[in-house]
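What follows is a set of notes on a single structure, which appears directly below.
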Amino acid sequence: DDVRMARMAETLSFFAPPLERLESPAWDCLPYDRVSPNPEIVARRIHTLTRLLEGEPARAGRVVLTTVSALLQRVPPRAAFAGATRDLAVGDKCDPRELVEFLLANGYERSGTVMEAGEFAVRGGIVDLFVPGRAEPLRLDFFGDELDTIRTFDPTSQRSSARIEGFVVKAVSEVFLDKDSIARFRSGYRELFGAAGAADPLYEAISAGRKHLGFEHWLPLFHQPLETLLDYVGDAVVVLDHQAQQARDARLELIGEYFQARCGMAGAGPAALEAPYHPLPPERLYLN
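So in our numbering, spot 109 of the sequence shown is number 951, and the numbers just go up one at a time.
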């Protein structure tokens, strides 16, 4: 679980400091929930997946730490993250409008003032950006199409501080709302659940290219097919901790219970007053 994973990371950092450690936590929401996973957790998951695609680890080796719940959960295919990272450095030629399009396509939220990870704001030739995994947000100052300076700043006071030379922008969502993904979602949703209209806010929002709270729980409809963390690690040695089988059985039982509950709530009692919720079969989202 997450506590055991954190302890293992701490232990490894003490006994094997040069070892590259990557962590892949599970979403922090319940199966078939109406809320989305925490963006910081999603960013950690994406960092691990994209790092595994970047090539060989350092000479000291690499270990990927995960949980039973995370390993059971299917993830976007490796091809989905092609082009989902971008290196930016002082002096680079970069059209701010193209950067904004990249951020929106990869899960960032536009806001008036950047306060939390995954947000960005645009004021003339300045783009404020909070990349998950960094302690502070960044202020990008453009001179035309050239990135002139990059500074960190305090999100509370909005005052700039240290200068840096460059950084990497990575996706903050496992779902990309581009034209192809939206088309896959629409056709897959109709195929499974029939015609959908204004009474289904999820379908309406995605069709319009807008995020909807909890839309990540329909991940398989955006990517075809999904893969698993094991696909990303290739021929790595897999070590299961003690009580892994008990944890697996308990998680699968929980998933099944929530799926049946969603199916049983459709059109019954107070749940009928809520927006419709059409759950995907568990095997589409999880390993058995």
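For glycine and all other residues, C-beta sits at the position ideal for the given N, C-alpha and C. Keep in mind the model is a prediction, meaning the values are calculated, not measured.
Would you kindly report the start and end of the unbroken alpha helix (DSSP H) that includes residue i?
i, result
"F972", "Premise fails: F972 is in no alpha helix (DSSP H) and is neither H nor E."
"E852", "D844 to F857"
"V884", "P881 to L895"
"P1121", "No alpha helix (DSSP H) contains P1121, which DSSP labels as neither H nor E."
Less than 8 Å between the CB atoms is what I'm expecting for residue i and residue j, so what's the real figure, rounded?
i, j, result
"A902", "L861", "5 Å"
"P997", "V969", "At roughly 15 Å, the Cβ-Cβ gap does not stay under 8 Å, so P997 and V969 are not in contact."
"R876", "G1056", "5 Å"
"C936", "L945", "Not confirmed; about 12 Å, so no contact."
"E961", "F972", "5 Å"
"S999", "R993", "In fact, because the Cβ distance is near 13 Å, the residues do not count as touching under 8 Å."
"R976", "A963", "At roughly 16 Å, the Cβ-Cβ gap does not stay under 8 Å, so R976 and A963 are not in contact."
"G949", "A1013", "6 Å"
"P919", "P1124", "Going by Cβ atoms, the distance from P919 to P1124 rounds to 19 Å, so no, they are not a contact pair."
"A922", "H1065", "6 Å"
Look at residue i and residue j and say whether their C-beta atoms are less than 8 Å apart.
i, j, result
"T892", "V1011", "no"
"V932", "E1007", "yes"
"L1016", "I883", "The identity of residue 1016 in the sequence shown is Glu, whereas the question assumes Leu. In this structure, I883 does not lie closer than 8 Å to E1016 by Cβ."
"F1027", "L980", "no"
"L1127", "L1061", "yes"
"A947", "D844", "no"
"L1071", "V917", "yes"
Once you ignore the five residues that flank residue i on each side, which residues in its own chain have a CB closer than 6 Å to its CB?
i, result
"G1111", "The pLDDT assigned to G1111 is 49, lower than 50, so where the model puts this residue is not dependable; a value taken from the coordinates is nonetheless given after this. Closer than 6 Å at Cβ, skipping near neighbours: no residue."
"M847", "L907 and T909"
"K1053", "none"
Could you spell out where the beta strand (DSSP E) holding residue i opens and where it closes?
i, result
"A1004", "S1002 to I1006"
"F995", "E988 to F995"
"R1090", "Per DSSP, R1090 belongs to no beta strand (DSSP E); it is in the alpha helix (DSSP H), A1086 to M1107."
"E865", "E862 to S866"
Leaving out five residues on either side along the sequence, give the residues of the same chain with a beta carbon under 7 Å from the beta carbon of residue i.
i, result
"L1122", "W1060 and P1062"
"Y1100", "L872, P873 and Y874"
"Y1045", "Y1031 and A1038"
"L1096", "P873"
"L854", "L861, R863 and V905"
Spatial neighbours of residue i within its chain, please: CB distance less than 8 Å, with the 5 preceding and 5 following residues excluded, ordered by chain position.
i, result
"F1035", "H1120"
"A1131", "This structure does not reach residue 1131, given that the chain is present from 843 up to 1130, and the question cannot be answered."
Ordered list of alpha helix (DSSP H) runs contained in the stretch 1030 to 1076, each at least 4 residues: 1043 to 1049 and 1071 to 1075
As an exercise, report each continuous alpha helix (DSSP H) stretch of at least 4 residues that is fully enclosed by the stretch 905 to 979, in chain order. 910 to 914 and 938 to 947
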